[in-house]
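Peer 1: I'd like to ask some things about the structure below.
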Ligand SMILES: *Cc1c(COP(=O)(O)O)cnc(C)c1O
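In our numbering, the protein residues as written are 166 to 562.
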């Protein structure tokens with residue numbers, strides 16, 4: 166080939182000079198992928214061959230991260246689930262719901278969901294004609310009654326442990342009821358992570374995560390994932406919806422998540438042991454009305470949590486005296502813990518649900534779900550437990 170002009174040389178890609186494999190997953194910061202010839206392009210687009218084409222459809226960095234999460238969720242089973250990463254936990258939930266539900270369908274769920282999920286369901290009820298039915302998913306009889314009363318239910322959606330009360334649902338008992346009626350189930354497994362709880366092994370069909378939280382662990386990326394038990398059905402529904410709605414995760418955010426996940430088991434062990442210690446001490450405190458932590462023997466969810474979780478996780482909530490005023494006074498007095506509206510990071514984070522995460526949830530729905538005015542949510546970090554505890558104790562006074 167004749168010598169290119171300098172202008173063209175500057176524009177074109179330089180050949181890949183790597184001689185040995187990169188030890189760490191590279192970030193594929195590319196929107197598209199080259200075809201070797203037009204035959205390959207025709208075969209890939211026609212579905213006769215697999216290959217990367219365009220990063221909204223799939224990207225090696227993003228796919229490696231999704232596949233790793235799917236492998237963790239299905240560990241110890243023969244399942245080969247499908248998985249896609251999305252650009253947030255909310256988009257994972259949105260992709261799941263829009264892929265599986267049609268106008269006129271109903272979804273059965275619980276009142277005590279992540280605040281954003283409750284709001285999204287309300288929006289979809291208004292705009293997409295989805296009927297949202299609430300039941301106490303922890304009570305199989307309540308679920309049976311709700312299903313018997315409405316034949317349009319096409320999905321049961323649960324969250325356990327739930328935000329921020331840590332209420333738990335018996336996953337195996339619920340999926341048994343759903344199976345009998347041939348209704349798929351989906352779970353938000355953000356709080357537990359696959360290290361503490363594996364819903365696919367308990368019969369759940371779809372798992373979603375806000376990977377922003379524990380899977381990443383370091384608070385430096387927003388992303389989500391949807392995992393589905395049946396990989397073929399998954400591609401036709403969930404992957405297709407992800408691709409068409411452009412809910413794809415950026416390779417950089419996927420890469421940060423991928424790196425964070427390497428320490429997931431170590432972090433979850435420490436989050437859990439720190440939280441259990443702190444919950445036990447606060448539970449005895451005379452100015453604390455109530456501690457929600459599934460690891461406490463007195464917590465209503467303790468037997469169910471023992472059945473389906475390896476340990477009890479890093480989330481707890483504490484009800485202090487004095488309602489909203491009392492809670493804000495305690496939070497303001499904190500010096501070591503950070504006041505930030507996320508969870509699952511390595512450092513301890515505190516939030517007041519009534520005025521932040523659940524501010525757009527109707528007060529009566531919120532109170533009915535036991536998200537009281539004086540409730541403070543603590544995402545217990547992996548610091549030394551005494552530093553966290555000392556700060557909480559001095560703030561409570
Ligand atoms: C944060 C969170 C979400 C939403 O995820 P984003 O990544 O913020 O979009 C959904 N469910 C739970 C339980 C969460 O904590």
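Beta carbons: idealized from backbone N, C-alpha and C, even for Gly. Nothing here was measured: the structure is a model prediction, and the numbers come from that model.
Quick check: residue 388 and residue 418, are their CB atoms within less than 7 Å of each other?
Peer 2: Indexing the chain shown from 1 puts residue 388 at position 223. Indexing the chain shown from 1 puts residue 418 at position 253. Yes; because the gap between Cβ atoms is below 7 Å, this pair is in contact.
Peer 1: Check whether the stretch 432-444 and the stretch 282-302 touch, using three or more Cβ-Cβ pairs below 8 Å as the test.
Peer 2: Result no; under three Cβ-Cβ pairs closer than 8 Å.
Peer 1: Using only CA atoms, which one of 536, 525, 327, 501 lies nearest to residue 549?
Peer 2: Numbered from its first residue, the chain shown carries residue 549 at position 384. With distances taken between Cα atoms, residue 549 lies closest to 501.
Peer 1: Can you tell which of 432, 539, 422 has its C-alpha closest to the C-alpha of residue 192?
Peer 2: Reading the chain shown from its first residue, position 27 is the one you call residue 192. If we check each option's Cα against that of residue 192, 422 comes out closest.
Peer 1: Spatial neighbours of residue 281 within its chain, please: CB distance less than 6 Å, with the 5 preceding and 5 following residues excluded, ordered by chain position.
Peer 2: Against the chain shown, residue 281 aligns to sequence position 116. Same-chain partners within the cutoff: 255.
Peer 1: Cutting at 6 Å between CB atoms, please list the residues of its own chain near residue 466, excluding the five before and the five after it.
Peer 2: The residue you call residue 466 lines up with position 301 of the chain shown. Around residue 466: 332, 333, 459.
Peer 1: Applying the 10 Å Cβ sphere with the 16-neighbour rule, what's the burial state of residue 318?
Peer 2: On the chain shown, position 153 is the one that residue 318 refers to. Buried, because 16 or more other Cβ atoms sit within 10 Å of the Cβ of residue 318.
Peer 1: Compute the beta-carbon to beta-carbon distance between residue 525 and residue 284, rounded to the nearest angstrom, for a pair I have assumed lies under 8 Å.
Peer 2: Numbered from 1 along the chain shown, position 360 holds the residue referred to as residue 525. Numbered from 1 along the chain shown, position 119 holds the residue referred to as residue 284. Contact holds; Cβ gap of about 6 Å.
Peer 1: Any heavy atom of ligand 1 inside 6 Å of the beta-carbon of residue 423?
Peer 2: For the purposes of this step, residue 423 is taken as the residue at position 258 of the chain shown. No - ligand 1 has no heavy atom lying nearer than 6 Å to the Cβ of residue 423.
Peer 1: Could you tell me the boundaries of the alpha helix (DSSP H) in which residue 511 lies?
Peer 2: Mapped onto the chain shown, residue 511 falls at position 346. It is not in any alpha helix (DSSP H) - residue 511 carries neither H nor E in the DSSP assignment.
Peer 1: With a threshold of 7 Å on Cβ separation, who are the neighbours of residue 186 within its own chain once the five nearest residues in sequence on each side are excluded?
Peer 2: Taking the chain shown and counting its residues from 1, the one referred to as residue 186 is at position 21. So no residue of the chain qualifies.
Peer 1: Here's the rule I'm using: 16 or more other beta-carbon atoms within 10 Å means buried, otherwise exposed. How should residue 485 be labelled?
Peer 2: Here residue 485 corresponds to residue number 320 of the chain shown, with the count starting at 1. Answer is buried; the Cβ neighbour count reaches 16.
Peer 1: Contact between the stretch 245-254 and the stretch 377-395: three or more CB pairs below 8 Å?
Peer 2: yes
Peer 1: Between which two residues does the alpha helix (DSSP H) holding residue 438 run?
Peer 2: If you number the chain shown from 1, residue 438 lands on position 273. Run containing residue 438: 429-448, per the alpha helix (DSSP H) assignment.
Peer 1: Any heavy atom of ligand 1 closer than 6 Å to the Cβ of residue 353?
Peer 2: Reading the chain shown from its first residue, position 188 is the one you call residue 353. Flag set: Cβ of residue 353 near ligand 1.
Peer 1: Could you name each continuous beta strand (DSSP E) segment of 3 residues or more that falls completely within the stretch 240-279, going from the start of the chain to the end?
Peer 2: 247-251, 271-274
Peer 1: Can you give me the start and stop residues for the beta strand (DSSP E) that residue 568 sits inside?
Peer 2: Nothing in the structure corresponds to residue 568, since the chain is present only between 166 and 562.
Peer 1: Which same chain residues end up closer than 7 Å to residue 562 when comparing Cβ atoms and leaving out the 5 residues on each side of it in sequence?
Peer 2: In the chain shown, the residue the question calls residue 562 occupies position 397. The residues are 452.
Peer 1: Would you decide whether residue 169 is buried or exposed? Buried here means 16 or more other CB atoms lie within 10 Å of its CB.
Peer 2: Here residue 169 is taken as the residue at index 4 of the chain shown, counted from 1. The residue is exposed, with fewer than 16 neighbouring Cβ atoms inside 10 Å.
Peer 1: So what does DSSP say about residue 474, is it helix, strand or coil?
Peer 2: Your numbering for residue 474 matches position 309 in the chain shown. When secondary structure is reduced to three states using DSSP, residue 474 falls in the coil class, being assigned neither helix nor strand.
Peer 1: May I ask whether a heavy atom of ligand 1 can be found less than 6 Å away from the beta carbon of residue 325?
Peer 2: In the chain shown, counting from the first residue as 1, residue 325 sits at position 160. Every heavy atom of ligand 1 is 6 Å or more from the Cβ of residue 325, so no.
Peer 1: With C-beta atoms as the reference, is residue 374 less than 7 Å away from residue 355?
Peer 2: Residue 374 sits at position 209 when you count from the first residue of the chain shown. Residue 355 sits at position 190 when you count from the first residue of the chain shown. In contact: residue 374 and residue 355 (Cβ atoms closer than 7 Å).
Peer 1: Does the count of Cβ pairs from the stretch 262-278 and the stretch 225-238 closer than 8 Å reach three?
Peer 2: no
Peer 1: Please check the pair residue 276 and residue 533, which I expect to be a contact at CB under 8 Å, by giving their CB distance rounded to whole angstroms.
Peer 2: To locate residue 276, count along the chain shown from 1; it is residue 111. To locate residue 533, count along the chain shown from 1; it is residue 368. That pair is a contact at about 6 Å.
Peer 1: Residue 108 lies in the alpha helix (DSSP H); which residues open and close that run?
Peer 2: Residue 108 is absent from the model: the chain starts at 166 and stops at 562.
Peer 1: Tell me the DSSP secondary structure of residue 196 in three-state form.
Peer 2: Counted from its first residue, the chain shown places residue 196 at position 31. Residue state, collapsed to three classes: coil.
Peer 1: Just to confirm, is the Cβ distance from residue 379 to residue 509 under 7 Å?
Peer 2: If you number the chain shown from 1, residue 379 lands on position 214. If you number the chain shown from 1, residue 509 lands on position 344. Cβ atoms of residue 379 and residue 509: closer than 7 Å.
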